[in-house]
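Numbering (my numbering), first residue to last: 227 to 644.
Virtual Cβ for every residue (Gly too), placed ideally from N, Cα, C.
The model shown is predicted, which means the values in this text are computed figures rather than measured ones.
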RNA sequence: CGGAGAGUAGUAUAGUGGUAGUAUACAUGCUUUGGGAGCAUGAAGCCCGAGUUCGAUUCUCGGCUCUCCGACCA
């Protein structure tokens, strides 16, 4: 991508009405645009990042047998009345009448919808277990949206639902999901504590939250560094400075962002909606269910919260909008055309190798501004082509997260990048 | 939903009971180019409504919007 053609431009100032690092940096760098409180558009740079996050999630969920589908955001009142949630979630669910007077809601989550569909296809224990998921927009009328992408009213959620014939099978899958989630977050560059939390209205058993430690988090957790056991403050039996109940290591306290959570639902939804299957012994039984969420947009915000410096964002390679930011610096006094040709060639060569590169080909920007933009956008690798480097038949390579500048001969550079 | 703060140009801000200034971004020209370049010229703005007033961007009331703290957070 040529930066001269990029839809968005860098803002020199942070938006005045944002405090959180993720909102400030992402808006300033042109990744996202706020349309209302708690509602953000993803612009080309941001969409690239989000798509990569989604792809990583897909790969890992597919690997444990998830089948992707896509459910509607519109929900009928009738279905939600079967579980009682048309009333219990009325505060946060957008509910309205359409022109013909039908009551309609926007999904806050999809247990009702997916269970209703499953009724059609699950008849026998032979149909179980089965796992379906989607990456889809959710709407919640949050009383207070905040912190940029961390808590919004319209947001993306990867929601996975599992259907089983017994608790044992659910437990098995639940553990698989924990592992898959840890892989996902590792690939996203997030270090996570799997944190015990309240099972809520679904279960007496604890649910599990995937918490990324950061000062700007809205949750507080207690955790043991030795064995990684962690509890949400809501249900905590641990205390800061105390002993870990599992391994008697030292307990720490931290703010954290919940980027994922998983619940054992039991038969709460299958019973209410009538999702039964015929078991081996010929009896009709309600399916046992689990639900598992990750917020890809929130994950994107969290990555920025935990990985930035005073100059801007530092993306991990796995989700960076572009792996390489190629910068062309020119000087009128030297043969500009020759230099431009060289930069163009490097750009073309990288593209031929399927390397995603943002090429700063702008001729009306100073070197300082180009460097500042590159630091803000946060691609992991910066390559500079200038008269200085051309004189040495070289390019300069610098990692975003390091101060070291490496001068590499062009001949060698061509070999390195496969 | 309680509390606090804030709405002036694309962005960030100053200021005033007599219709607004700066920076930056933008346009044009010239000079520039290794950490947010310079000069010149130009285009661009007081959230909405009502009230007070000869006159309101400014004061009063109402509304809308945004942010922060708290409550809430299947």
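Could you give the residue range of the alpha helix (DSSP H) that holds residue i?
| i | result |
| --- | --- |
| residue 502 | Segment 502-504 is the beta strand (DSSP E) holding residue 502; no alpha helix (DSSP H) there. |
| residue 247 | 247-254 |
| residue 523 | 522-532 |
| residue 616 | 613-617 |
| residue 637 | 636-642 |
| residue 586 | It is not in any alpha helix (DSSP H) - residue 586 instead sits in the beta strand (DSSP E) that spans 583-586. |
| residue 601 | 593-603 |
What are the boundary residues of the beta strand (DSSP E) that residue i is part of?
| i | result |
| --- | --- |
| residue 545 | From DSSP, residue 545 is part of no beta strand (DSSP E); its letter is neither H nor E. |
| residue 625 | 620-625 |
| residue 260 | 258-262 |
| residue 510 | 510-512 |
| residue 572 | No beta strand (DSSP E) contains residue 572, which is instead part of the alpha helix (DSSP H) from 562-578. |
| residue 367 | No beta strand (DSSP E) contains residue 367, which DSSP labels as neither H nor E. |
| residue 554 | 550-554 |
| residue 267 | 265-268 |
Whole angstroms are fine: how far does the CA of residue j sit from the CA of residue i?
| i | j | result |
| --- | --- | --- |
| residue 612 | residue 566 | 9 Å |
| residue 344 | residue 355 | 11 Å |
| residue 443 | residue 305 | 35 Å |
| residue 376 | residue 275 | 16 Å |
| residue 425 | residue 397 | 15 Å |
| residue 473 | residue 349 | 45 Å |
| residue 233 | residue 620 | 31 Å |
| residue 245 | residue 518 | 30 Å |
| residue 326 | residue 339 | 22 Å |
| residue 522 | residue 228 | 27 Å |
| residue 451 | residue 464 | 13 Å |
| residue 509 | residue 527 | 48 Å |
| residue 725 | residue 358 | Residue 725 is absent from the model: the chain starts at 227 and stops at 644. |
| residue 242 | residue 617 | 44 Å |
| residue 585 | residue 632 | 19 Å |
| residue 475 | residue 419 | 15 Å |
| residue 533 | residue 506 | 52 Å |
| residue 462 | residue 351 | 38 Å |
| residue 615 | residue 568 | 11 Å |
| residue 323 | residue 469 | 54 Å |
| residue 545 | residue 360 | 20 Å |
| residue 395 | residue 401 | 10 Å |
| residue 556 | residue 265 | 40 Å |
| residue 595 | residue 408 | 38 Å |
| residue 540 | residue 460 | 32 Å |
| residue 640 | residue 606 | 19 Å |
| residue 653 | residue 629 | With the chain covering only 227 through 644, there is no way to say anything about residue 653. |
| residue 248 | residue 370 | 17 Å |
| residue 432 | residue 495 | 18 Å |
| residue 597 | residue 581 | 21 Å |
| residue 314 | residue 417 | 34 Å |
| residue 235 | residue 312 | 43 Å |
| residue 438 | residue 608 | 28 Å |
| residue 337 | residue 297 | 11 Å |
| residue 449 | residue 604 | 31 Å |
Pull up the CB-CB distance for residue i and residue j, whole angstroms please, since I reckon it's below 8 Å.
| i | j | result |
| --- | --- | --- |
| residue 648 | residue 440 | Given a span of 227 to 644 for the chain in the structure shown, any question on residue 648 remains unanswerable. |
| residue 503 | residue 353 | 7 Å |
| residue 538 | residue 491 | 41 Å between Cβ atoms; not a contact. |
| residue 278 | residue 498 | Actually they do not touch by this definition, with Cβ atoms about 37 Å apart. |
| residue 374 | residue 252 | 7 Å |
| residue 660 | residue 436 | There is no way to answer for residue 660, as the model of the chain reaches only from 227 to 644. |
| residue 422 | residue 456 | 7 Å |
Exercise for the section: Kindly provide the ranges of any beta strand (DSSP E) runs that are 3 or more residues long and lie completely inside the stretch 442-497, ordered along the chain. Expected result: Secondary structure within the stretch 442-497: the beta strand (DSSP E) runs of 3 or more consecutive residues, fully enclosed, are 445-450, 456-458, 477-492 (chain order).
Handout entry: Touch test, the stretch 559-574 against the stretch 276-296, Cβ-Cβ under 8 Å, three pairs minimum
Key = Segments in contact, no.
Exercise for the section: Count the C-beta pairs between the stretch 239-258 and the stretch 269-279 that are closer than 8 Å, then say yes if the count reaches three, no if not. Expected result: Touching, yes, given that three or more Cβ pairs across the two stretches are closer than 8 Å.
Practice task
Could you tell me which uninterrupted beta strand (DSSP E) segments, each at least 3 residues in length, are contained entirely in the stretch 288-365, listed from first to last along the chain?
Solution key: 300-302, 321-323, 329-332, 356-365, all fully within the stretch 288-365.
Exercise for the section: State whether the stretch 499-518 contacts the stretch 389-396, with contact taken as three or more CB pairs (one from each stretch) at a distance under 8 Å. Expected result: The stretch 499-518, when compared against the stretch 389-396, does touch it at the 8 Å Cβ threshold.
Practice task
Pair every Cβ in the stretch 360-371 with every Cβ in the stretch 312-331, then say whether three or more of these pairs are closer than 8 Å.
Solution key: Contact between the stretch 360-371 and the stretch 312-331 is established, with three or more Cβ pairs separated by less than 8 Å.
Exercise for the section: Can you check the stretch 373-446 for any beta strand (DSSP E) of at least 3 residues that lies completely inside it and give the ranges in chain order? Expected result: Note on the stretch 373-446: whole beta strand (DSSP E) runs with a minimum of 3 residues are 380-390, 418-423, 433-439, in chain order.
Practice task
Would you be able to state if there are at least three C-beta pairs under 8 Å between the stretch 468-484 and the stretch 406-415?
Solution key: Cβ pair count under 8 Å is below three, so no.
Practice task
Check whether the stretch 539-557 touches the stretch 574-585, taking contact to mean three or more Cβ pairs, one atom from each stretch, closer than 8 Å.
Solution key: With a cut-off of 8 Å, the stretch 574-585 and the stretch 539-557 count as touching, because enough Cβ pairs lie within range.
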